[in-house]
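> Let me give you the structure first, and then I'll get to my questions.
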Amino acid sequence: MNVEERRWLRKLRLRQSRLYGIVDLGTLGANDPVKAAERMVAGGVDVLQLRAKGHEPESLERLARSLRGVADSGGALFLINDWPLLAARCDADGVHLGQEDLSTVEARTILADGQLIGRSTHSLGQALAAEREGADYIAIGPIFATPTKPEADPVGLSLIREVRERLRKPFFCIGGIRMENLPEVLDAGAERVVMVSAILHAEDIEAYCREVAARLGPRSLLAGGPTTQGPRAGHSRE
Ligand code: TZP
Ligand code: MG
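The numbering used here puts the sequence shown at residues 782 to 1019.
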């Protein structure tokens, strides 16, 4: 596959994605990240992210390559939190950046051509800025208060509706989302969600993901973005 085809495939998978799971080493504790990732992908996670706060990126290369393989085996995207250089080295599908991280322009100078950039945002203004600056997808949250990111104030469900009306890029809702409150999040206009602790603390990770994915609905019905016409088929909304 050439660079253009890979870029197109990544954007197509992003458009079709509903469930984004994070292999967060802090939340996993002593549990095996590769096994957790395998169960997540088997359960239908569309995007897998490695998040390893407090670790040195150099020490994560082997794990990142293993997770890259796990994601590939299920047709899921694989992203790395915080470190574009590690994402480039491990041939990840992209990197996820926060408000305090590198700008999109800076990150693109480190990433390989065609790798994706996601950006965490906490307001409509930040979400619109991230889109304007060229992020491929936006995360908004925390929707609810969450022990996974205790320092962050919840933005509430109302931001989902605002963002939905204004953003063209795919956006994911994150923060305190679990099976029990998923209906509220969907009713507020979300199509895509990220879950960390709900998935990683589930008794049966695969079954939990399968159930959430079923409630989110089939991938193929999502509108917009690259179409089946392929990478050279004119302009998409992106
Ligand atoms: N960014 C905003 S909230 C959050 C991140 C990384 C943590 C979400 O974790 P959980 O366990 O799904 O609430
Ligand atoms: Mg970050």
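Heads up, the beta-carbon is just placed ideally off N, CA and C, and yes, glycines get one too.
Compute the Euclidean distance between the alpha carbons of T885 and Q896, then round it to the nearest angstrom.
To locate residue 885, count along the sequence shown from 1; it is residue 104. To locate residue 896, count along the sequence shown from 1; it is residue 115. Roughly 12 Å between the two C-alpha positions.
> Could you please give me the residues that DSSP links to R805 through a beta bridge?
As a first step, residue 805 must be located in the sequence shown, where it is residue number 24. Correcting the residue type first, residue 805 is Asp in the shown sequence and not Arg. Note: D805 sits in a beta bridge opposite R832.
> State the CB to CB distance for the pair L858 and S904, rounded to an integer number of angstroms; the pair is presumed to be in contact (CB under 8 Å).
Taking the first residue of the sequence shown as 1, we reach residue 858 at position 77. Taking the first residue of the sequence shown as 1, we reach residue 904 at position 123. Incorrect: roughly 26 Å between the Cβ atoms, too far for contact.
> Within its chain, find whatever has a CB closer than 8 Å to the CB of A869; leave out the 5 residues flanking it on each side and keep chain order.
Residue numbering aside, residue 869 sits at position 88 when the sequence shown is read from its first letter. So the list reads I891, L892, A893, Q896, once near-sequence residues are dropped.
> Just to confirm the assignment: which complete alpha helix (DSSP H) runs, minimum length 4, are found wholly within the segment 824 to 884?
842 to 854, 865 to 870
> Let's see if you can read the secondary structure: which residues bound the alpha helix (DSSP H) around G906?
Position 125 of the sequence shown, counted from the start, is the residue given in the question as residue 906. Note, G906: alpha helix (DSSP H), 905 to 913.
> Closest to L867 by C-alpha separation, out of A979, L795, P928, A845, would be which residue?
Here residue 867 refers to the residue found at position 86 of the sequence shown. The option with the nearest alpha carbon to L867 is A845.
> On the three-state DSSP scale, how would you describe V975?
For the purposes of this step, residue 975 is identified with residue 194 of the sequence shown, where counting begins at 1. Strand at V975.
> DSSP on L892, reduced to helix/strand/coil?
For the purposes of this step, residue 892 is identified with residue 111 of the sequence shown, where counting begins at 1. Residue state, collapsed to three classes: coil.
> Just curious, the beta strand (DSSP E) that S939 is in, first and last residue?
Taking the first residue of the sequence shown as position 1, residue 939 is located at position 158. It is not in any beta strand (DSSP E) - S939 instead sits in the alpha helix (DSSP H) that spans 939 to 947.
> Between which residues of its own chain and V966 is the CB-CB distance below 8 Å, once the five residues before and five after are set aside?
As a first step, residue 966 is located in the sequence shown; it is residue number 185 there, counting from the start. Within the same chain, V966 has close Cβ partners I924, L938, I941, C954, I958, V974.
> Measuring only from the beta carbon, is A811 closer than 7 Å to any heavy atom that is part of the ligand TZP?
Taking the first residue of the sequence shown as 1, we reach residue 811 at position 30. Result no, Cβ not under 7 Å from the ligand TZP.
> With DSSP collapsed to three states, give me the class of R1013.
Position 232 of the sequence shown, counting from 1, holds the residue named residue 1013. Bear in mind that a pLDDT of 48 at R1013, under 50, signals an unreliable position, so the number given afterwards is only what the model happens to contain. Three-state DSSP puts R1013 in coil, outside helix and strand.
> If we call anything under 8 Å between Cβ atoms a contact, is V804 one with G855?
Here residue 804 is taken as the residue at index 23 of the sequence shown, counted from 1. Here residue 855 is taken as the residue at index 74 of the sequence shown, counted from 1. No, the Cβ-Cβ distance between V804 and G855 is not below 8 Å.
> Can you round the beta-carbon distance between L848 and V815 to whole angstroms, since I take them to be within the 8 Å contact cut?
Locating residue 848 in the sequence shown gives position 67, where the first residue counts as 1. Locating residue 815 in the sequence shown gives position 34, where the first residue counts as 1. Right, their Cβ atoms sit about 7 Å apart.
> Within 10 angstroms of its Cβ, does G1015 collect 16 or more other Cβ (buried), or is it exposed?
Here the question's residue 1015 lines up with position 234 in the sequence shown. Low per-residue confidence applies at G1015: pLDDT is 38, beneath 50, and the placement is therefore not dependable, though the value from the model is reported in the following sentence. By the 10 Å Cβ count, G1015 comes out exposed.
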